[in-house]
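One structure is given below, encoded as structure tokens.
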Amino acid sequence: MAVQQLDRTMASDMGNEAQPMLEVEASAPDAVSSTSGKRELRRKKRQEIWVSVKERKKQKKEEARAARPKVPEPVLDMSEAAVLMRKERAIAKRESFLMAASEGPTIVIDCGFEEAMTSKEKKSLTQQIMFSYGINKRSETPANVHVTSVRGEAEANLTKIGGFNDWLAFSTTPKCYMDVFRKESLVYLTADSPNVIDELQSDKVYIIGGIVDRNRLKGVTYEKAVAQGIATAKLPLDKVLEMGQATRVLTVNHVFQILVNYRTAQDWTQATLSALPARKGAQVKTSE
1 MAVQQLDRTM
11 ASDMGNEAQP
21 MLEVEASAPD
31 AVSSTSGKRE
41 LRRKKRQEIW
51 VSVKERKKQK
61 KEEARAARPK
71 VPEPVLDMSE
81 AAVLMRKERA
91 IAKRESFLMA
101 ASEGPTIVID
111 CGFEEAMTSK
121 EKKSLTQQIM
131 FSYGINKRSE
141 TPANVHVTSV
151 RGEAEANLTK
161 IGGFNDWLAF
171 STTPKCYMDV
181 FRKESLVYLT
191 ADSPNVIDEL
201 QSDKVYIIGG
211 IVDRNRLKGV
221 TYEKAVAQGI
231 ATAKLPLDKV
241 LEMGQATRVL
251 TVNHVFQILV
261 NYRTAQDWTQ
271 ATLSALPARK
281 GAQVKTSE
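Numbering (the UniProt record's numbering), first residue to last: 1 to 288.
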């Protein structure tokens, strides 16, 4: 009996000591759960702070952008109406130029001296013709221009110029001016003529000799005109200007510019002074 009582007492004591251990072991999952919850709270807090900072930066950028002066973006109007309008303006400008040229004097540049000229002189003549076209294109009172006897090197040199075939009021032909215009309308402009031109007449065709070195080929334009039986005339340089010892022989483009200028100014002094190069030293002639 004593032994049984002792076993029950020991069992009771062991049961009482084991109870707290079970309680401690049962509380461990609660501690882990608590730690995970704190980490989650900290993570959410950091996320909220990051979002807040990002929003503030975005707001500051928008405020700075709004504060900058606004530059209007270029507007490219490529609508069909705009394109059509530009085309119509170009056509109107072209027609206006051609109308003005048709009302101006008719000027011929005679390229019929090719056999007497060197290749270098022919290239120089091409440049002078190109300069003449530029003068005519810029003028408010353009002339109607014909380049005649265009053959051989003269033709080859001209066709090398970009856009040559599109020159307005500037035509070329291999024919001589005698085969294009009425003989009685022709006036060959040459410094060797005894006749001085007073004004440009609308029913006349004024011929400029396409020669570069007139000193080497002196008098050939006058002789050609006389042989063809057509009228000759010279510009009134000595009548309106003091030129001293300077030569009265001018380049093709200088003569051309004087004629175009005269139609605008209706004054030989003004037309000539604005066309002659400074090296000529031309001055207005004082009345005696």
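The beta carbon of each residue, even a glycine, is placed where N, CA and C say it ideally should be.
Residue range of the unbroken beta strand (DSSP E) whose run includes Asn-157: Sequence index remark: in the sequence shown, residue 157 carries index 157 (1-based). No beta strand (DSSP E) holds Asn-157; the alpha helix (DSSP H) holding it covers 152-159.
Which class does Asp-110 belong to by DSSP, given the choice of helix, strand or coil? Here residue 110 refers to the residue found at position 110 of the sequence shown. Three-state DSSP puts Asp-110 in a strand.
Start and end residues, beta strand (DSSP E) containing Ser-193: Residue 193 sits at position 193 when you count from the first residue of the sequence shown. Unbroken run through Ser-193: none, as it is neither H nor E.
What's the C-alpha gap between Thr-126 and Arg-65? To locate residue 126, count along the sequence shown from 1; it is residue 126. To locate residue 65, count along the sequence shown from 1; it is residue 65. Cα-Cα distance, rounded: 60 Å.
By DSSP's criteria, Gln-283 is part of a beta bridge. Which residues make up the other side? Translated into positions along the sequence shown, residue 283 becomes position 283. The partner list for Gln-283 (beta bridge, DSSP) reads Glu-242.
Where Thr-172 sits in the DSSP three-state scheme: Here residue 172 refers to the residue found at position 172 of the sequence shown. Residue state, collapsed to three classes: strand.
Find out if the Cβ-Cβ distance for the pair Phe-113, Gly-210 is shorter than 8 Å. Counted from its first residue, the sequence shown places residue 113 at position 113. Counted from its first residue, the sequence shown places residue 210 at position 210. Yes, they are a contact pair.
From Asn-215 to Thr-251, what does the alpha carbon distance come to, in whole angstroms? As a position in the sequence shown, residue 215 is number 215, starting the count at 1. As a position in the sequence shown, residue 251 is number 251, starting the count at 1. Approximately 12 Å between the Cα atoms of the pair.
Endpoints, the alpha helix (DSSP H) within which Gly-134 is located: The residue you call residue 134 lines up with position 134 of the sequence shown. Where Gly-134 is concerned, the enclosing alpha helix (DSSP H) stretches over 119-138.
Since Leu-189 and Ala-233 are thought to touch, with beta carbons under 8 Å apart, how far apart are those beta carbons, to the nearest angstrom? The residue you call residue 189 lines up with position 189 of the sequence shown. The residue you call residue 233 lines up with position 233 of the sequence shown. The Cβ separation is near 6 Å, so the contact holds.
Beta-carbon separation of Asn-144 and Ala-92 under 8 Å? In the sequence shown, residue 144 corresponds to position 144, counting from 1. In the sequence shown, residue 92 corresponds to position 92, counting from 1. Not in contact: Asn-144 and Ala-92 (Cβ atoms no closer than 8 Å).
For Asn-144: DSSP bridge partner residues: The sequence position of residue 144 within the sequence shown is 144, counting from 1. For Asn-144, which the question treats as bridged, DSSP gives the partners Thr-106.
Using DSSP with H/G/I as helix, E/B as strand and the rest coil, what is Gly-162? Here residue 162 refers to the residue found at position 162 of the sequence shown. Gly-162 falls in the coil class under three-state DSSP.
Pairwise C-alpha distance: Ser-79 and Lys-61: By one-based count along the sequence shown, residue 61 stands at place 61. By one-based count along the sequence shown, residue 79 stands at place 79. Computed Cα separation, rounded: 36 Å.
If you measure from the beta carbon of Ser-171 to each beta carbon in chain C, is any gap under 8 Å? Chain labels in this structure do not include chain C; a single protein chain is all it has.
Three-way DSSP call (helix, strand, coil) for Thr-251 in this model: Counting from one through the sequence shown, the residue named residue 251 turns up at place 251. Of the three classes helix, strand and coil, the one that applies to Thr-251 here is coil, per DSSP.
Ile-208 by DSSP, collapsed to three states: which one? Sequence index remark: in the sequence shown, residue 208 carries index 208 (1-based). Correct three-state label for Ile-208: strand.
Work out the CA separation of Gly-104 and Leu-273 for me, nearest whole Å. In the sequence shown, residue 273 corresponds to position 273, counting from 1. In the sequence shown, residue 104 corresponds to position 104, counting from 1. Going by the C-alpha atoms only, they are around 21 Å apart.
Can at least three beta-carbon pairs, one atom from the stretch 175-182 and one from the stretch 113-122, be found at a separation below 8 Å? no
Who are the near neighbours of Phe-256 in its chain, counting only those whose CB is closer than 7 Å to its CB and skipping five residues on each side? Here the question's residue 256 lines up with position 256 in the sequence shown. Shown here for Phe-256: same chain residues with a beta carbon closer than 7 Å to its own, the five before and five after excluded, namely Ile-107, Ser-132, Ile-135, Ile-208 in chain order.
How long is the line joining the alpha carbons of Glu-140 and Val-187, rounded to whole angstroms? Translated into the one-based positions of the sequence shown, residue 140 becomes position 140. Translated into the one-based positions of the sequence shown, residue 187 becomes position 187. Answer to the nearest angstrom: the Cα atoms are 24 Å apart.
Which same chain residues end up closer than 6 Å to Glu-124 when comparing Cβ atoms and leaving out the 5 residues on each side of it in sequence? Counted from its first residue, the sequence shown places residue 124 at position 124. Reading off the sequence, residue 124 comes out as Ser, not Glu. Excluding positions up to five away in sequence, the list reads Val-212.
Beta-carbon proximity list for Arg-94, same chain, < 7 Å, skipping 5 on both sides: Here residue 94 is taken as the residue at index 94 of the sequence shown, counted from 1. Closer than 7 Å at Cβ, skipping near neighbours: Leu-168.
To the nearest angstrom, how far is the alpha carbon of Tyr-222 from that of Ala-191? By 1-based counting over the sequence shown, the position of residue 222 is 222. By 1-based counting over the sequence shown, the position of residue 191 is 191. Those two C-alpha atoms are separated by around 8 Å.
How is the beta strand (DSSP E) around Ala-233 delimited, first residue to last? On the sequence shown, residue 233 is found 233 positions in, with the first residue counted as 1. Note, Ala-233: beta strand (DSSP E), 231-233.
Please report the distance separating the alpha-carbon of Gln-59 from that of Arg-42. Translated into positions along the sequence shown, residue 59 becomes position 59. Translated into positions along the sequence shown, residue 42 becomes position 42. So the two alpha carbons sit approximately 26 Å from each other.
Around the C-beta of Ser-202, are 16 or more other C-beta atoms found within 10 angstroms, so that it is buried, or is it exposed? Taking the first residue of the sequence shown as position 1, residue 202 is located at position 202. Per the 10 Å Cβ criterion, exposed.
Mind checking whether the beta-carbon of Thr-232 lies closer than 7 Å to any heavy atom of the ligand NAD? The model depicted lacks the ligand NAD and carries no ligand whatsoever.
Thinking just about the alpha-carbon of each residue, which of Ala-156, Glu-184, Ser-185 is nearest to the one in Thr-172? Numbered from its first residue, the sequence shown carries residue 172 at position 172. When only C-alpha atoms are compared, the closest one is Ala-156.
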